[in-house]
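Worksheet: the structure to be examined is printed underneath.
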Amino acid sequence: MPLVNMKPVLAEAKAQGYAVAAFNPVDYASMKAMVAAAEELNAPVIVQTSAKTIKYYGHRALVEWMREIAGESPVPVVLHLDHGKDLDMIKKCIEMGWTSVMIDASEHPFEKNLELTSKVVEWASAAGVGVEAEIGQIMGVEDDMVVDEKDSHYTDPEEAERFCRQLDLAAFAAAVGTAHGYYKGEPDVRFELIEEINKRTGVPMALHGGTGLSDEVIQRCIKLGCAKINISTNLKHVFIDSFVEYHKNNPKDYEPLRVLGAQFEALKALFKEKIAQFGGTNRAGEVLAKVA
216 MPLVNMKPVL AEAKAQGYAV AAFNPVDYAS MKAMVAAAEE LNAPVIVQTS
266 AKTIKYYGHR ALVEWMREIA GESPVPVVLH LDHGKDLDMI KKCIEMGWTS
316 VMIDASEHPF EKNLELTSKV VEWASAAGVG VEAEIGQIMG VEDDMVVDEK
366 DSHYTDPEEA ERFCRQLDLA AFAAAVGTAH GYYKGEPDVR FELIEEINKR
416 TGVPMALHGG TGLSDEVIQR CIKLGCAKIN ISTNLKHVFI DSFVEYHKNN
466 PKDYEPLRVL GAQFEALKAL FKEKIAQFGG TNRAGEVLAK VA
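Residues in the sequence shown are numbered from 216 upward in steps of one, following my numbering.
Next up, the structure:
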């Protein structure tokens, strides 16, 4: 089926008490594995491209790959831009066929963030595209952008409420103690902050930094209103490690398609694990009823 807008997908997930898995692909095969995993579990899925990936492959290649893959799929698939900071890139994503975009202007003061996000919401709404936005700075490394612990700061619930009241958002990303990349210690997730922000805004929360969180933390975050959970670092490690492991176990096999096949299966297994963990199994039909 055609790619779908993220807004009704996340609204349904929040209403039903689960989260949709959002994965950052690195190539055509990883995109295909995401959708294959979703199909096997009859679940919705979000394929979210980083700015770095767009710069590498180009807008047209990525959107055409996804149209081909999703067009043959019976499950709802969202094509989302993750952490968009360049307005020209965001606008082109909207024009080229992304069904959701993130404007990350979180490094700016509140009013500037609101101004930039409002502009993106205006463009996106006219095209039937969902928007994710962020207040607060989430620690870690994402798409070569580094936010040190000293520069990160938690989201202010009052600002979050003001922000979301003035904007029509599909998702709201908040700094609540998670971090991009693998955790070096136990993450200090502020559950009370997640709860308060969700009560004040009513907007499905996007939880960034999902790699490495325990299942207990994940389930508690979902229960408190997180409807989108991002997985990127875990994917990158499986992508590289599965390739290396296959060659290590089969040193004389130089047939590329067998290596790529092993990599594909390893990625698909990861995607199925996360989709199921977040509660997306057998939710495709419910979502399709909302987006049809």
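Backbone N, C-alpha and C define an ideal beta-carbon position, used for all residues, glycine too.
Tell me whether residue i sits in a helix, a strand or coil according to DSSP, three-state version.
i, result
"residue 376", "helix"
"residue 226", "helix"
"residue 300", "coil"
"residue 263", "strand"
"residue 432", "helix"
"residue 452", "helix"
"residue 381", "coil"
"residue 368", "strand"
"residue 320", "coil"
"residue 458", "helix"
"residue 507", "coil"
"residue 251", "helix"
"residue 417", "coil"
"residue 498", "coil"
"residue 286", "helix"
"residue 439", "coil"
"residue 271", "helix"
Take residue i and list the residues in its own chain whose beta-carbon comes closer than 8 Å to its own, dropping the five residues that flank it on each side.
i, result
"residue 301", "266"
"residue 217", "282, 285, 286"
"residue 320", "300, 327, 328, 331, 332, 348, 349"
"residue 501", "227, 231"
"residue 506", "219, 220, 223, 224, 291"
"residue 189", "There is simply no residue 189 to check, as the chain begins at 216 and stops at 507 in what is shown."
"residue 244", "475, 478, 479, 482"
Tell me which residues share the same chain as residue i and place their Cβ nearer than 7 Å to its Cβ, disregarding the 5 neighbours each side in the sequence.
i, result
"residue 406", "435, 439"
"residue 325", "374"
"residue 411", "372"
"residue 378", "329, 350"
"residue 343", "220"
"residue 368", "351, 352, 390"
"residue 416", "375, 376, 379, 387"
"residue 366", "Residue confidence is low: residue 366 scores 43 on pLDDT, short of 50, so the model does not pin down where it sits. No coordinate-derived value is stated."
"residue 255", "487"
For residue i, which beta-bridge partners are listed by DSSP?
i, result
"residue 221", "The partner list for residue 221 (beta bridge, DSSP) is empty, contrary to what the question assumes."
"residue 345", "315"
"residue 293", "261"
"residue 444", "236, 422"
"residue 478", "In DSSP, residue 478 forms no bridge with anything."
"residue 486", "DSSP output for residue 486 lists no bridge partner at all."
"residue 406", "DSSP output for residue 406 lists no bridge partner at all."
"residue 350", "389"
"residue 491", "Answer by DSSP bridge pairing: none, since residue 491 is not bridged."
Taking C-alpha atoms, which residue in the options lies nearest to residue i?
i, options, result
"residue 331", "314, 310, 343, 305", "305"
"residue 390", "408, 383, 382", "408"
"residue 289", "459, 257, 272", "257"
"residue 498", "348, 507, 237, 233", "233"
"residue 315", "225, 454, 458", "225"
"residue 479", "505, 454, 506", "454"
"residue 260", "270, 274, 238, 277", "238"
"residue 430", "474, 488, 380, 376", "488"
"residue 340", "370, 427, 297, 222", "222"
"residue 303", "335, 272, 280, 276", "335"
"residue 426", "464, 276, 310, 492", "492"
"residue 457", "345, 475, 448", "475"
Can you tell me the Cβ-Cβ gap for residue i and residue j, rounded? I've got them flagged as a contact below 8 Å.
i, j, result
"residue 446", "residue 236", "6 Å"
With a threshold of 6 Å on Cβ separation, who are the neighbours of residue i within its own chain once the five nearest residues in sequence on each side are excluded?
i, result
"residue 419", "225, 229, 386, 442"
"residue 263", "237, 239, 295, 297"
"residue 242", "none"
"residue 421", "347, 386, 388, 443"
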